[in-house]
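Q:
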Amino acid sequence: MIRVARLDAIESMLQEQKVVSTHEIVDVLKVSGATARRDLDDLVAEGRVVRVHGGAKLPENAEEDPSSLDAEVTEGSTPHEAAEVDEPFHEVLTRNSALKRTLARAAAALVADGETLFLDIGTTTYELARCLLDRPLTVVTNSLGVVDVLSASQRGKLVVLGGEYNREYRCTQGRSVQEELRELHIDRAFLGCAGITELGIVRDNDARQAAIKRAAAECSGETTVLADSSKIPGIGAYTALELASVDRLVIDRPLPTALARLCADASTEVLVP
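First residue of the sequence shown? That's 791 in our numbering, and the numbers climb one at a time after it.
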């Protein structure tokens, strides 16, 4: 299928479903993950769609149906397939970089010297690591991006969790990562996500990374999720956490009414820098 026809087909899918994942585009149009991502970037440049982590949605003035994506991403997906077409770290790093830095600075202001932190994989936690460089902290992570940043620190201690290497995410994963985490006590865990549903489900594209998020939250005194507003509803076939079990959400815009009420009822702090 030629490029123009692919772009029109993707836009038609969005008109019908409001939100689509990269995995679905790959499956329906029979293209590679890289081609699907380039097509989405072209549609964004033309103002026809808005990028979200792992897919796209219609612009904000279009009616949205957050429930449609859950069904599409979950049906027929496997952990391997979801990871295979997810966006590589280096492609996501430059997207919304100023916004990610704003969220990272707000999160860094919560940290006291001497604390032990867990930093999740992802580009926003990568920016957080940059904010924490040369502070006297112990940072536990499975993100090689975070390791790249903090290995230059002269004051901090870095604990790298071992496991299977994931090239797309630039991280380690697997049961050994979870087991190592459960042997530690973490003062604060800072987690990313692929999406947050209107029912307060923190979503992930990969079952293995969802399990690591749960393990980090279980061993941490406080759990903070960092998410820009494109992550609502975002995508992700796997439940990582319920937002009700999260202590704080750092996000760039006020939440939709239903989600804000859920956070208030659960005493989950919402921090908008």
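By construction, the Cβ of each residue, glycine as well, lies at the ideal position given by its N, Cα and C atoms. The model shown is predicted, which means the values in this text are computed figures rather than measured ones.
1. Hey, out of T1014, L1061, V810, whose CA is closest to I976's CA?
2. D817: which of Q805, V834, G845 sits nearest, CA to CA?
3. Are the region 893-900 and the region 963-971 touching, with three or more C-beta to C-beta distances below 8 Å?
4. Would you be able to state if there are at least three C-beta pairs under 8 Å between the region 1030-1043 and the region 984-994?
5. Return the CA-CA distance between Q944 and L819, expressed in angstroms with no decimal places.
6. Just how far apart, CA to CA, sit I1002 and P1044?
7. Whole angstroms are fine: how far does the CA of V930 sit from the CA of R972?
8. State the start and end residues of the unbroken alpha helix (DSSP H) segment that holds Q944.
9. Return the CA-CA distance between D829 and V939, expressed in angstroms with no decimal places.
10. Please identify the residue among E988, G952, I1022 whose C-alpha is closest to the C-alpha of G982.
11. Just to confirm my understanding: we take L797, look at its own chain, exclude 5 residues before and 5 after, and list those with CB closer than 7 Å. What are they?
12. Leaving out five residues before and five after A1056 in sequence, what residues of the same chain have Cβ atoms less than 6 Å from its Cβ?
13. Rounded to whole angstroms, what's the CA-CA distance from E969 to R998? Just pull it up for me.
A: Considering the structure as presented:
1. The count along the sequence shown starts at 1 and reaches residue 976 at position 186. For the residues T1014, L1061, V810, the minimum Cα distance to I976 belongs to T1014.
2. Stepping through the sequence shown from its first residue, residue 817 is reached at position 27. Nearest of Q805, V834, G845 to D817, Cα basis: G845.
3. no
4. yes
5. Within the sequence shown, numbered from 1, the residue matching residue 944 stands at position 154. Within the sequence shown, numbered from 1, the residue matching residue 819 stands at position 29. Going by the C-alpha atoms only, they are around 50 Å apart.
6. Counted from its first residue, the sequence shown places residue 1002 at position 212. Counted from its first residue, the sequence shown places residue 1044 at position 254. Each residue's Cα considered, the two are about 28 Å apart.
7. Looking up residue 972 in the sequence shown gives position 182. Looking up residue 930 in the sequence shown gives position 140. When rounded, the distance between both Cα atoms is 12 Å.
8. Here residue 944 corresponds to residue number 154 of the sequence shown, with the count starting at 1. Unbroken run through Q944: none, as it is neither H nor E.
9. As a working note, residue 829 is residue 39 in the sequence shown. As a working note, residue 939 is residue 149 in the sequence shown. For D829 and V939, the distance between alpha carbons rounds to 31 Å.
10. As a working note, residue 982 is residue 192 in the sequence shown. That would be I1022, whose Cα lies nearest to the Cα of G982.
11. Start at 1 with the first residue of the sequence shown, and residue 797 comes out as number 7. So the list reads D829, D832, L833, once near-sequence residues are dropped.
12. Sequence index remark: in the sequence shown, residue 1056 carries index 266 (1-based). Once the five neighbours on either side are set aside, the close Cβ partners of A1056 are A1034.
13. Indexing the sequence shown from 1 puts residue 969 at position 179. Indexing the sequence shown from 1 puts residue 998 at position 208. Their Cα atoms are separated by approximately 13 Å.
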